[in-house]
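Numbering (our numbering), first residue to last: 368 to 454. Each residue gets a CB set at the ideal place from its N, CA and C atoms; glycine is no exception. Only a predicted model underlies this, so the values are computations on that prediction, with no experimental measurement involved.
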Amino acid sequence: ADGVTEEDFLTKNADYQQRFAYQREGLVRRTVASGLDGAWLAVSWWRSMNDARRSTAEANTSSIAIEFNALLDPTTLSTEYFKELPG
């Protein structure tokens, strides 16, 4: 969001990742990356689609997740689900 520094984002992201994301059942790994244009990407690997969707729902009521999401511009957010293919 406007006015949020990279340092602000990274600090709150680390808190969110440790205190919320990694406390969710089924989370295998989560990582963030920044693009050359200033965009950010967060990728989470889950054991199952149910675990991923449950975590998304839990984020709606978690104070930790709500605080983290307050740093983000909601008009730029997108959540997509993909399944891993064998091979």
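Query	Result
Minimum length 4: unbroken alpha helix (DSSP H) runs contained in the segment 400-454	416-426, 430-436
Host alpha helix (DSSP H) of Y383 (start-end)	373-386
Three CB pairs or more closer than 8 Å across the segment 440-448 and the segment 385-405	no
Proximal residues to S429 (C-beta, below 6 Å), its chain only, five neighbours per side dropped	F387
Contact under 8 Å by Cβ, A400 with L408	yes
Among M416, E392, K379, the one whose alpha carbon lies nearest that of E451	M416
Whether E392 touches D418 by CB criterion (8 Å)	yes
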